[in-house]
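Participant: My questions all concern the structure below.
Number of protein chains: 2
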Amino acid sequence: MSIERYDIVIVGAGPVGLLLSTCLARWGYKIKHIDMRPVPTVTGRADGIQPRSLDLLRNMGLKRAIMANEPAKVFEVAFWDPNSSGEGIHRTGTWASCPKFIDARYPFTTLLHQGLIEKVFIEDLAKHNVKVQRPWKITSFNTDGVDKHHPVEVGISHVEGEEHETIRTKYLFSGEGARSFIREQLGVKITHKDPIQHVWGVMDGVVRTDFPDIKMKCTIHSDAGSIMVIPREANMVRLYIQIASSTDADWNPRKFATTEDVQRAAKKILQPYWIEWDRVEWYSVYPIGQGIADRYTLDERVFMGGDCCHTHSPKAGQGMNTAFLDAQNLAWKIHHVESGFADRSILKSYESERKLIAENLLNFDAQYSKLFSQRQPSAGEVHSASNAEQPAEENEFIKMFKSSCEFTSGYGVAYDENIFNWSESHPAQSALFLSNKKGETTQRTGRILSPATVTRVSDANVVHLEQEIPVNGSYRIYLFAGKYDRTKQAIIDFAANVNRKDSFYTAYSRRDIDSVSYHEPHNPHSLFFTFATIFNAHRPEIEIKSMLPSVLVRYFDHVYADDVWDQRTPDAQAAAHAKMGLSESEGGVVVVRPDGYVGCVVRLVEGAGTVDALNAYFGSFCTKALGRGATIATQARL
Amino acid sequence: MSIERYDIVIVGAGPVGLLLSTCLARWGYKIKHIDMRPVPTVTGRADGIQPRSLDLLRNMGLKRAIMANEPAKVFEVAFWDPNSSGEGIHRTGTWASCPKFIDARYPFTTLLHQGLIEKVFIEDLAKHNVKVQRPWKITSFNTDGVDKHHPVEVGISHVEGEEHETIRTKYLFSGEGARSFIREQLGVKITHKDPIQHVWGVMDGVVRTDFPDIKMKCTIHSDAGSIMVIPREANMVRLYIQIASSTDADWNPRKFATTEDVQRAAKKILQPYWIEWDRVEWYSVYPIGQGIADRYTLDERVFMGGDCCHTHSPKAGQGMNTAFLDAQNLAWKIHHVESGFADRSILKSYESERKLIAENLLNFDAQYSKLFSQRQPSAGEVHSASNAEQPAEENEFIKMFKSSCEFTSGYGVAYDENIFNWSESHPAQSALFLSNKKGETTQRTGRILSPATVTRVSDANVVHLEQEIPVNGSYRIYLFAGKYDRTKQAIIDFAANVNRKDSFYTAYSRRDIDSVSYHEPHNPHSLFFTFATIFNAHRPEIEIKSMLPSVLVRYFDHVYADDVWDQRTPDAQAAAHAKMGLSESEGGVVVVRPDGYVGCVVRLVEGAGTVDALNAYFGSFCTKALGRGATIATQARL
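Put into structure tokens, the structure is as follows:
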């Protein structure tokens, strides 16, 4: 009997496994996805979707299905502290969960039971004929290299039964969570930041109370202990109570705190307010240690992500969000290697990019915990920090709050300079690269693209530019074309050079280019690039066919008018250009990675220079030599 | 065998029947709903949802399900006219489908195949155990009064089979469309505005073309004929071609124009552009006469609505939208009569309100057709009309365009003064009623409430105030509470008087008031009223329990901070107050009918006056005597 072969075997159907699976299934990979649990998450567990994650889910076309569950939305956080009298609590202040200084489309945290989130992914997977095989577990794996195309042999078996399968795969991924068979087998160690096991009680339920902020996220300190309140869908509320800490390995926290114990504690803490439970949906006590895996992969064949690699307190609701971004980061890199676009070495950047984020997360978690337990901000401080119009007097606390908000909203994620994230030390060198450090653009490589609202020319729809190209595995090349009379020749030259045989674009044309549907909006020429052109003009002034060369005309639905006023750049004529920090008349080219992070920004000039710079950038990690020919004269015309 | 009894029998499951059914099913009525077609609409038919209708669908909680189908959105309309050379066409101009001077949340038309829209309603009905019985037709009905509670006997039978049912009902509704058995039986005549039968060819399909505006709504005049282009979901486009007109009853338009004829005509009209069809999904030729039913009901037991009552050209996409509003208008009136809240005489207002709208629609349709066929606006005119910032030089054409946009967007719907729509001739008289005509408020009775964005106090969510109370059959009483220090006593007095036994509010308390769920947000006290309170304050300054009397505290989730800046009232401190034209410090009370139209606006004053005015207003159509007691002193305190 021949052994079944897969592109990837994914173990664990939590957020990290499901997002990875969903991306790769859409891109046509053959997936074996297993999970030990007989059914998806029924109650409890993670539930906070941060603003940045909501952007991502929308970009994957999953936001509407998530929102159909009517999740709770957290716009503000309230702080409650003990009264000086020693009895009862009072509100010290509130602040925005995602303040105005963060340019977020969705400035709130979305709270929804993890099972409902998983369901959205599972239904999407079904459309691509991927079904999670349950309850199955991994029993062995071995990167034996017997088959060089499918170097990993994996054994899996039914959790309870006798059934067993041996399969081969190109990649194996562990989204197993904190207790990972794969991580243990690899011998990858967890580095603990803090030897103390913090024990949390968490309870989801429907309550009645006169506590006024029960529908807000609250951190409540009282002389009787501390609670975190998190609103949920369907009138539910989650209470986190930090019960105790211990370094004793034999200590059993479940014995320590029953449901009733926690309810009793909550009642005490909330005094002078009353609280009663209509029902308790879920209750759990679990110890959490801050830990991070030393490696995310050893051989770029067996990968890990999510809770398998990093554990921390639930205080800032970062677990699921970090898991999502782990998965997204890995998905397109595997895709680019397996489709022959990028060199296998790019897979090393999964660990280097994501481990840094996890380290930041753990540092943040430690700081955040300290902030919660030590410092009670006054209402005045809070007000100035959350008010973008009046520049705040930035004391140490506000600075910390500010960086926390960026981090907790997901917009603080910053990947270091590397092969994807251009910097002055990048192998691609050209005077045309624009640098954020030098103030030449507001866009920072390794950071998310700024959101911008524009008008689509083809149908006059007002759209969110950063959402126009879906998570399709392609680089997003935004040609900010400024004023047409200033950039006309530069656009012609850009197209002419992009059409050269050795350009990044033509070198990776689709093999099926002649049979691509007329209605394909994103990838008519190449699976690795989608172009968008944005003019500083009113929509009716733009005639796509007479103003653009044919290669760009083909991206008919990705031509935009930068004619929508933006409160953040009130004086700009072309708000999107202005938000990118580009000249409103000269424009510029912004290259965004398939995951939405800025790769590089290049000046738009006449001649071959702009495309030469892009050839150098992509050539630094592509499989083919790009742009090695002599620079060409600018003779092409429309 | 006893005869089965229903609250309502609805014949026809098109937009009008489905919306009526959906409302009444949610409010607990027993419904028999039949349709002659074996299945819902498969292809073609109406497809345009106007901005106002989208508000309504969202208010019913159905918008997300509609939008999940990824409909096309029309933001602009393009006009194409013959070249002066006599060959080919060129664009004369474009204008906004819903220009900025209209304060719309969704300034676009949503295009989606009628079957997908019907499906959303059918799925919602299933949640309330209502299933459309198909293919069944009505065969007889008789308002015999044998059973005074169910005065109408109805015979229905399977379209093809021998099966037959005789049932009794309180109400019978015809949503049968233009060919109505019920209307014929009643002997209600159609008045035709125009003896000419206009014949339209309509074709849905997927095309390839170099015509640049194929994704816009276009009106194309050429020397070879005229076409209307309407984009659709899934890369489809609808073409309307007015084929011919005739007064000859024997003339068969289907013989006149085949699919190929229409495609050939389209190719000619679109010259110099080319067009090819990938597929044709639907093609139909149909004669349309402008007609309006003389009556919508004879006895307020048998009602008609939708196409049964008004037919017209499809040019402005008004059919389905008018049908929706017919149904919504009737639904709450039946509900208020059957639940004992309002006098049966209010049912007369269904015809008087909706027939006026249909007459306006037909007049508009005639004007619009004339506009399309006679006058080609220049780009300059168009620009000034669609640009709200620069006041337009209003020539006759622009004025007509402006009133057309209001009408086609659905915001031009204006119900005349009547028992619901307060005016100076209303039986309720008080010096406290505020009049739009006198400039005391921007809100006009019989018109939709202005949209306003506010912050919900309980959870700090930024929300659309006009959407906060769903279509639940209740009057929406918005207490714009201004500045608390100015209105504190007036609010106390308002609550004290509302709590009086003879107030509109207390007189119609829920019978099950003691068993209402703690989590009921909209109707804790009464099924006919929902209160909302809006303060001119920042959210953190509002403490619901200390600032509001208990009757208003109970509407915990309907207390708002008017603290969100609005581009339309940039200098206001409290934008929602300002948009309503109310004093930002003194506030006022806006009473909105269950369908979202303004009923009356009353000053908020200390003493009993405000509630007295409301008692007089509601007392004019309620079943109970209200507020007949002496006005009370303002002694109640928090």
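Residue numbers (the numbering used here), protein chains in the order written: chain A, 1 to 638; chain B, 639 to 1276.
Note that the Cβ used here is the ideal one computed from N, Cα and C, for glycine as well.
All figures in this text were calculated on a predicted structure; none of them were measured in a lab.
Give the secondary structure of F480(A) by DSSP, where H, G and I count as helix, E and B as strand, and everything else as coil.
Facilitator: As a working note, residue 480(A) is residue 480 in the first sequence. F480(A): strand per DSSP, three-state reduction.
Participant: Evaluate Y411(A) with the Cβ neighbour count: other Cβ atoms within 10 Å of its Cβ, from every protein chain shown; 16 or more gives buried, anything less gives exposed.
Facilitator: Within the first sequence, residue 411(A) is the residue found at index 411, counting from 1. Its Cβ being crowded by 16 or more others within 10 Å, Y411(A) is buried.
Participant: Shortest alpha-carbon distance to L658(B) belongs to which of P709(B), I852(B), K1121(B) and T960(B)?
Facilitator: By one-based count along the second sequence, residue 658(B) stands at place 20. Checking every option, the nearest Cα to that of L658(B) belongs to T960(B).
Participant: What's the gap between the Cα of H310(A) and the Cα of D365(A)?
Facilitator: To locate residue 310(A), count along the first sequence from 1; it is residue 310. To locate residue 365(A), count along the first sequence from 1; it is residue 365. Near 11 Å, if we compare the C-alpha coordinates of D365(A) and H310(A).
Participant: If you drop the 5 nearest sequence neighbours on each side, which residues of the same chain put their C-beta closer than 8 Å to that of T847(B)?
Facilitator: Position 209 of the second sequence holds residue 847(B). Hits under 8 Å: L908, Y911, W912, I913 and E914.
Participant: Does any residue of chain B have a CB that is nearer than 8 Å to the CB of H519(A)?
Facilitator: For the purposes of this step, residue 519(A) is taken as residue 519 along the first sequence, with counting starting at 1. Judged by the 8 Å Cβ criterion, H519(A) is in contact with chain B.
Participant: I believe F141(A) touches L172(A) by the beta-carbon criterion, under 8 Å. Please report the beta-carbon distance rounded to the nearest angstrom.
Facilitator: Counting from 1 along the first sequence, the entry for residue 141(A) is found at position 141. Counting from 1 along the first sequence, the entry for residue 172(A) is found at position 172. Confirmed, Cβ separation roughly 6 Å.
Participant: Check whether chain B comes within 8 Å of A25(A), counting only Cβ atoms and requiring the distance to be less than that.
Facilitator: Start at 1 with the first residue of the first sequence, and residue 25(A) comes out as number 25. It does not: the Cβ of A25(A) has no partner Cβ on chain B nearer than 8 Å.
Participant: Along the alpha helix (DSSP H) that carries C661(B), what are the first and last residues, could you check?
Facilitator: Residue numbering aside, residue 661(B) sits at position 23 when the second sequence is read from its first letter. Its alpha helix (DSSP H) spans residues P653 to R664.
Participant: Name, going along the chain, the residues of the segment 73 to 102 of chain A whose beta-carbon falls closer than 7 Å to a beta-carbon of chain B.
Facilitator: Cβ contacts with chain B: K73, F75, E76 and T94.
Participant: Pull up the CB-CB distance for G627(A) and F420(A), whole angstroms please, since I reckon it's below 8 Å.
Facilitator: Sequence index remark: in the first sequence, residue 627(A) carries index 627 (1-based). Sequence index remark: in the first sequence, residue 420(A) carries index 420 (1-based). Their Cβ separation, rounded to whole angstroms, is 18 Å, which puts G627(A) and F420(A) out of contact at 8 Å.
Participant: Could you please give me the residues that DSSP links to L936(B) through a beta bridge?
Facilitator: Indexing the second sequence from 1 puts residue 936(B) at position 298. DSSP, once it has assigned bridges, lists no residue as partnering L936(B).
Participant: Within its chain, find whatever has a CB closer than 7 Å to the CB of L434(A); leave out the 5 residues flanking it on each side and keep chain order.
Facilitator: In the first sequence, the residue the question calls residue 434(A) occupies position 434. Excluding positions up to five away in sequence, the list reads E440, T441, G588, V601, V602 and R603.
Participant: Of all the residues that make up the segment 1080 to 1097 of chain B, which are near chain A by a beta-carbon distance shorter than 7 Å?
Facilitator: Residues passing the 7 Å Cβ filter: S1096 and D1097.
Participant: Taking the alpha carbon of D1054(B) as the point to measure from, which residue in S1007(B), L994(B) and R1148(B) has its own alpha carbon closest?
Facilitator: One-based indexing of the second sequence puts residue 1054(B) at position 416. Looking at the Cα atoms, L994(B) is the closest of the given residues.
Participant: Roughly how many whole angstroms lie between the Cα atoms of N536(A) and I102(A)?
Facilitator: As a position in the first sequence, residue 536(A) is number 536, starting the count at 1. As a position in the first sequence, residue 102(A) is number 102, starting the count at 1. The straight-line gap from Cα to Cα measures roughly 25 Å.
Participant: Check for me: the alpha helix (DSSP H) holding M36(A) runs from which residue to which?
Facilitator: Taking the first sequence and counting its residues from 1, one reaches residue 36(A) at position 36. M36(A) -> no alpha helix (DSSP H), and no H or E assigned at all.
Participant: For my contact list, G929(B) and I828(B) are in at a C-beta cut-off of 8 Å; report their separation, rounded to the angstrom.
Facilitator: For the purposes of this step, residue 929(B) is taken as the residue at position 291 of the second sequence. For the purposes of this step, residue 828(B) is taken as the residue at position 190 of the second sequence. Confirmed, Cβ separation roughly 4 Å.
Participant: Let me know the secondary structure DSSP gives G627(A) once reduced to three states.
Facilitator: Along the first sequence, one-based indexing puts residue 627(A) at 627. G627(A) falls in the coil class under three-state DSSP.
Participant: Would K189(A) count as contacting chain B if we go by Cβ distances under 8 Å?
Facilitator: Within the first sequence, residue 189(A) is the residue found at index 189, counting from 1. K189(A) does not count as touching chain B.
Participant: What residues from chain B crowd round V462(A), counting only those whose CB sits closer than 8 Å?
Facilitator: Counted from its first residue, the first sequence places residue 462(A) at position 462. The answer, in chain order, is F713.
Participant: From the DSSP output, in three-state form, read off K170(A) for me.
Facilitator: On the first sequence, residue 170(A) is found 170 positions in, with the first residue counted as 1. In the structure shown, K170(A) sits in a strand (DSSP, three-state: E or B).
Participant: Just grab the DSSP bridge partners of I1086(B) for me.
Facilitator: Locating residue 1086(B) in the second sequence gives position 448, counting from the first residue. Paired residues: Y1235(B).
Participant: At a CB-CB cut-off below 8 Å, which residues of chain B make contact with E543(A)?
Facilitator: Sequence index remark: in the first sequence, residue 543(A) carries index 543 (1-based). Ordered by position in chain B, the residues that pass the 8 Å Cβ test against E543(A) are P850.
Participant: Assess, as a yes-or-no matter, whether the segment 1177 to 1197 of chain B is touched by the segment 1146 to 1154 of chain B under the definition of 3 or more beta carbon pairs within less than 8 Å.
Facilitator: These segments do not touch.
Participant: Under 6 Å Cβ to Cβ from A379(A), same chain only, skipping five residues before and after it: list those, please.
Facilitator: Along the first sequence, read from residue 1 onward, the residue named residue 379(A) stands at position 379. Here the model assigns A379(A) a pLDDT of 43, short of 50, so the residue's position is not dependable, and the following value carries that caveat. Closer than 6 Å at the Cβ level, and outside the excluded window around A379(A), lie G93.
Participant: With 8 Å set as the bound, which would you pick, yes or no: does the beta-carbon of N142(A) sit closer than that to a beta-carbon of chain B?
Facilitator: Here residue 142(A) refers to the residue found at position 142 when the first sequence is read from its first residue. For N142(A), the answer is no, since every Cβ of chain B falls outside 8 Å of its Cβ.
Participant: According to DSSP, is C1260(B) helix, strand or coil?
Facilitator: Reading the second sequence from its first residue, position 622 is the one you call residue 1260(B). Note: C1260(B) maps to strand in three-state DSSP.
Participant: Can you list, in chain order, the residues of its chain with a C-beta nearer than 8 Å to that of C622(A)? Leave out the 5 residues immediately preceding and following it.
Facilitator: Counting from one through the first sequence, the residue named residue 622(A) turns up at place 622. Cβ within range, chain order: F341, A342, D343, F504, A507 and Y508.
Participant: If you draw a straight line from the C-alpha of A25(A) to the C-alpha of L18(A), how long is it?
Facilitator: Mapped onto the first sequence, residue 25(A) falls at position 25. Mapped onto the first sequence, residue 18(A) falls at position 18. Their Cα atoms are separated by approximately 10 Å.
Participant: Near R554(A), which residues of its chain fall below 6 Å by C-beta distance, leaving aside the five closest residues on each side in sequence?
Facilitator: Counted from its first residue, the first sequence places residue 554(A) at position 554. Around R554(A): P524.
Participant: Taking only beta-carbon atoms, is R702(B) less than 8 Å away from chain A?
Facilitator: Start at 1 with the first residue of the second sequence, and residue 702(B) comes out as number 64. At least one chain A Cβ lies under 8 Å of R702(B).
Participant: Since M36(A) meets chain B, which of its residues come closer than 8 Å, beta carbon to beta carbon?
Facilitator: Within the first sequence, residue 36(A) is the residue found at index 36, counting from 1. Ordered by position in chain B, no residue passes the 8 Å Cβ test against M36(A), which lies about 32 Å from the chain.
Participant: Residues of chain B with CB closer than 9 Å to the CB of A266(A), please, in chain order.
Facilitator: Sequence index remark: in the first sequence, residue 266(A) carries index 266 (1-based). None at all; the shortest Cβ gap to chain B is about 18 Å.
Participant: By the three-class DSSP mapping on this structure, what secondary structure does G609(A) have?
Facilitator: As a working note, residue 609(A) is residue 609 in the first sequence. In the structure shown, G609(A) sits in a helix (DSSP, three-state: H, G or I).
Participant: Classify S1164(B): buried if its beta carbon has 16 or more other beta carbons within 10 angstroms, exposed otherwise.
Facilitator: As a position in the second sequence, residue 1164(B) is number 526, starting the count at 1. Flag for S1164(B) reads buried.
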